[in-house]
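Note that the sequence shown ends on residue 331 in my numbering; no numbers are left out.
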Amino acid sequence: MLYEKLPGGRVRCHVCQWRCLVNPGKLGVCRMRVNRDGALHVLNYAEVSSMAVDHIEKKPLFHFFPGTYAFSLGTWGCNFHCKDCQNWEISCTDIPPGSRRLPPEREIELARRQDCRGISWTYNEPAIWFEYTLDSAKLARDNHLYTVYVTNGYATPEALDTIGPWLDAWRVDIKGFTDDVYRQLARIPHWRGILDVARRAKEKWNMHVEVVTNIIPTLNDDDEQLRSIAGWIRDDLGELTPWHVTRFHPLHEFAHLAATPVATLEKAYRIGKKTGLRFVYLGNVPGHEYENTVCYSCGNLAVGRVGYDTRVVGLDGSRCGSCGADLNFRT
Ligand SMILES: [Zn+2]
1 MLYEKLPGGR
11 VRCHVCQWRC
21 LVNPGKLGVC
31 RMRVNRDGAL
41 HVLNYAEVSS
51 MAVDHIEKKP
61 LFHFFPGTYA
71 FSLGTWGCNF
81 HCKDCQNWEI
91 SCTDIPPGSR
101 RLPPEREIEL
111 ARRQDCRGIS
121 WTYNEPAIWF
131 EYTLDSAKLA
141 RDNHLYTVYV
151 TNGYATPEAL
161 DTIGPWLDAW
171 RVDIKGFTDD
181 VYRQLARIPH
191 WRGILDVARR
201 AKEKWNMHVE
211 VVTNIIPTLN
221 DDDEQLRSIA
231 GWIRDDLGEL
241 TPWHVTRFHP
251 LHEFAHLAAT
261 PVATLEKAYR
271 IGKKTGLRFV
281 YLGNVPGHEY
291 ENTVCYSCGN
301 LAVGRVGYDT
311 RVVGLDGSRC
321 GSCGADLNFR
331 T
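So this is what it looks like as structure tokens:
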């Protein structure tokens, strides 16, 4: 889907913002789309690398069906190759022999049988098996299951608009706010389209949007960078959009860096709040008080969390159970 044929048997892929120009016999950057005789074929349709029943809080999504389980699936490969990738064994590889195929019908059946409220495409970039997530999302809607992309945000507006009617949540990484960070971290030269597509997901398709920034010492932990991200969320997505600042642990190509000090995450929290964001959360610090949702208006505890243990205690639909303030929840 979403490619154009060009002279000389070449094609241009429009699924993600690389917009790869693919010569006959060659692959795109994701290595999951191949040009065969002037037609672009996807290699990883229904090829599952990992699947699990996860707490929705693990994505992390804190304001979206809190306390529910999402059937979570990833495929092979990725269109980013991030130096801090937690899942590099599946994202920096081709499809191995013996990979499992899970057709959409079977995926939905497994989700229902395991008492999941929805489906989450996660672990690597969902857009790289775009056709599979699209077919699955339509079936999920028919079966009253929610649908989530845990995404680097690099899908094109055309891809977003194609799946938009069937996608409920856009959990997007904003890895930094300079060309330098995106180049160093993910080797992405043009990243600002990620911002436009995230805003489009919210404005055009009314998706629930939450933002994650994995804070990496010396890379994106400076005040200026954090202020810029928070300011963009406030202005483009709205002050009620949750921002998760998560703790980096040394691994993959960043094994030489230290884990993020909790004090740095608390600094990011303060910057977010001072910028005007109503909901800033610490991630990968289980038991920290900044995992909780507290009403910005009256101070009522709406949702208590300790790691993935979630207690909805003061919520009335999307609103504060005590004062009625809009807390931007989907339930
Ligand atoms: Zn309140």
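We treat Cβ as the ideally placed atom computed from N, Cα and C, and that holds for glycine.
Computed from a predicted structure; not experimentally measured.
Taking the C-alpha atoms as reference points, what is the distance between leucine 40 and isoleucine 128?
13 Å
Would you mind working out which of Asp180, Arg101, Glu109, Cys323 sits nearest tyrosine 132, comparing C-alpha positions?
Arg101
Sorted by chain position, which residues of the same chain lie with C-beta nearer than 6 Å to asparagine 152's C-beta, five sequence neighbours on each side aside?
Phe80, Glu125, Asp173
List the whole-angstrom C-beta distance separating isoleucine 119 from threonine 147, where the pair is believed to meet the contact cut-off of C-beta under 8 Å.
5 Å
Could you pull the DSSP bridge partners for tryptophan 121 from this structure?
Leu73, Tyr149
Mind reading off the beta-carbon distance from methionine 32 to leucine 43? Whole number of angstroms is fine, and I expect it under 8 Å.
5 Å
Consult DSSP for arginine 278 and reduce its assignment to one of helix, strand or coil.
coil
Quick one: what's got a C-beta closer than 7 Å to arginine 319's C-beta in the same chain, skipping five residues either side?
Ala325, Asp326, Leu327
If you measure from the CB of glycine 324, is any heavy atom of ligand 1 nearer than 8 Å?
yes
If valine 280 and valine 245 are in contact, beta carbons under 8 Å, what's the gap, nearest whole angstrom?
7 Å
With respect to the alpha helix (DSSP H) encompassing isoleucine 229, which residues constitute its N-terminal and C-terminal limits?
223 to 232
Along the chain, where does the beta strand (DSSP E) containing lysine 5 start, and where does it finish?
3 to 5
Boundaries (first-last residue) of the beta strand (DSSP E) holding tryptophan 170
169 to 173
Asparagine 292: beta carbon under 8 Å from a heavy atom of ligand 1?
no
Assigned secondary structure, valine 197 (DSSP; H/G/I helix, E/B strand, else coil):
helix
Taking the alpha helix (DSSP H) that isoleucine 108 belongs to, which residues open and close that run?
104 to 113
Verify the contact flag: asparagine 87, CB atom, against every heavy atom of ligand 1, threshold strictly below 8 Å.
no
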